[in-house]
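A short worksheet on the structure shown next.
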Amino acid sequence: MVQTPSGGAGHGAAVTDTGLLSIGAVLNVLREEFPEVTISKIRFLESEGLVEPRRTPSGYRKFSAEDVERLGHVLRMQRDHYLPLKVIREHLAAMERGEALPLPALSRPGDGEDPADCGAPETPAAARIGRIQLLVAADVDEQRLAEWESYGLLVPVGDGVYDAEAVTVAGLLTELGRYGIEPRHLRAMKAAAEREAGLVEQVVAPLRRHRNPQTRAHAEDRTRELAGLTMKLHAALVRSALGVRLP
879 MVQTPSGGAG
889 HGAAVTDTGL
899 LSIGAVLNVL
909 REEFPEVTIS
919 KIRFLESEGL
929 VEPRRTPSGY
939 RKFSAEDVER
949 LGHVLRMQRD
959 HYLPLKVIRE
969 HLAAMERGEA
979 LPLPALSRPG
989 DGEDPADCGA
999 PETPAAARIG
1009 RIQLLVAADV
1019 DEQRLAEWES
1029 YGLLVPVGDG
1039 VYDAEAVTVA
1049 GLLTELGRYG
1059 IEPRHLRAMK
1069 AAAEREAGLV
1079 EQVVAPLRRH
1089 RNPQTRAHAE
1099 DRTRELAGLT
1109 MKLHAALVRS
1119 ALGVRLP
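Residue 879 is where the sequence shown starts when you use my numbering, and the numbers rise one by one after that.
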């Protein structure tokens, strides 16, 4: 259940007397589970008819608790099941009619294998997605995917297999493309991301090499924490450079 923000200094201006939320307040709620969601993503999902917030006379979006819950459900289906928006839209319509079917299970490497044959991993296996699944989830063709790969924006981790994060990357590349931003324009952003990742790896490397298994396990938590901080800093620096504040 998505919890909407209650009264407090951080949200007082964002929540109306009727309990409706501004798009900025919705972003804060969703980021608790989906750290990489953006306002442009919420607007895109609205443009695709997946949520219909109310509008004030001056045109500002106002979201109900049900709208936030619906957005969370959409983002969860994209993240966990790699479903294209068309399928998600049909699933939501079926839910409203009381006809919803179970969603497909998340595919991970080693599914169906005997754990005794492959050994028990110290940490959960990372989610993977096949090339065909990625094309369907991102709703793009082979030519577009090949172009992204040629600029290093999407890189398979194996023969025709991608990290599940490729779905998010593909979606963002598609959204940027709507504004005329082409893959060739994003090489500097890719390089910056790799430098940031390298910095995080440098910090956690001693933990990964430690002889104590608990310390090595702690390295994964530290990696996630540092990744979150670097992403927030990157976003803040971009906003500062542009002199803009998100609503």
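The beta carbon of each residue, even a glycine, is placed where N, CA and C say it ideally should be.
Model, not experiment: these values are computed from the prediction.
Problem set entry | Contacts around D1041, its chain only, beta-carbon distance under 6 Å, and the 5 residues preceding and following it disregarded | Excluding sequence neighbours, D1041 sits near V1035.
Exercise. By the 10 Å Cβ neighbour count, where 16 or more other Cβ atoms means buried, how is V1082 classified, buried or exposed?
Worked result: Buried.
Exercise. Taking contact to mean at least 3 C-beta pairs separated by less than 8 Å, is the stretch 942-959 in contact with the stretch 927-934?
Worked result: The answer is yes - the stretch 927-934 touches the stretch 942-959, with three or more Cβ pairs under 8 Å.
Problem set entry | Coarse secondary structure for A998, derived from DSSP in three states | With a pLDDT of 35 at A998, under the threshold of 50, the modelled position of this residue cannot be trusted; read the value that follows with caution. Coil, per DSSP.
Exercise. Can the beta-carbon of A1015 be found closer than 8 Å to that of P1091?
Worked result: Contact check for A1015 against P1091 fails: the beta carbons are separated by 8 Å or more.
Problem set entry | CA-to-CA distance, A1024 to G950, given in whole angstroms | Approximately 31 Å, taken between the alpha carbons.
Exercise. Buried or exposed: where does M955 fall if 16 or more other Cβ atoms within 10 Å of its Cβ makes it buried?
Worked result: Result: buried.
Exercise. So, using beta-carbon positions, are I1137 and A1048 closer together than 8 Å?
Worked result: Here the chain covers residues 879 to 1125 and nothing more, so residue 1137 does not appear.
For this session: Tell me the start and end of each unbroken alpha helix (DSSP H) in the stretch 1019-1058 that is at least 4 residues and wholly inside, in chain order.
Result: Counting only runs of 4 or more, we get 1020-1028 and 1043-1055.
Exercise. Thinking C-beta only, is V915 closer than 8 Å to R909?
Worked result: Yes, the pair counts as a contact, with Cβ atoms nearer than the cut-off.
Exercise. Closest by CA to P913, which one among V1116, A1119 and R1102?
Worked result: Minimum Cα distance to P913 is reached at R1102.
For this session: Put R1123 into one of helix, strand or coil per three-state DSSP.
Result: DSSP, read as helix, strand or coil, puts R1123 in coil.
Problem set entry | Status (buried if at least 16 other CB within 10 Å, exposed otherwise) for R939 | Buried, since its Cβ has 16 or more Cβ neighbours within 10 Å.
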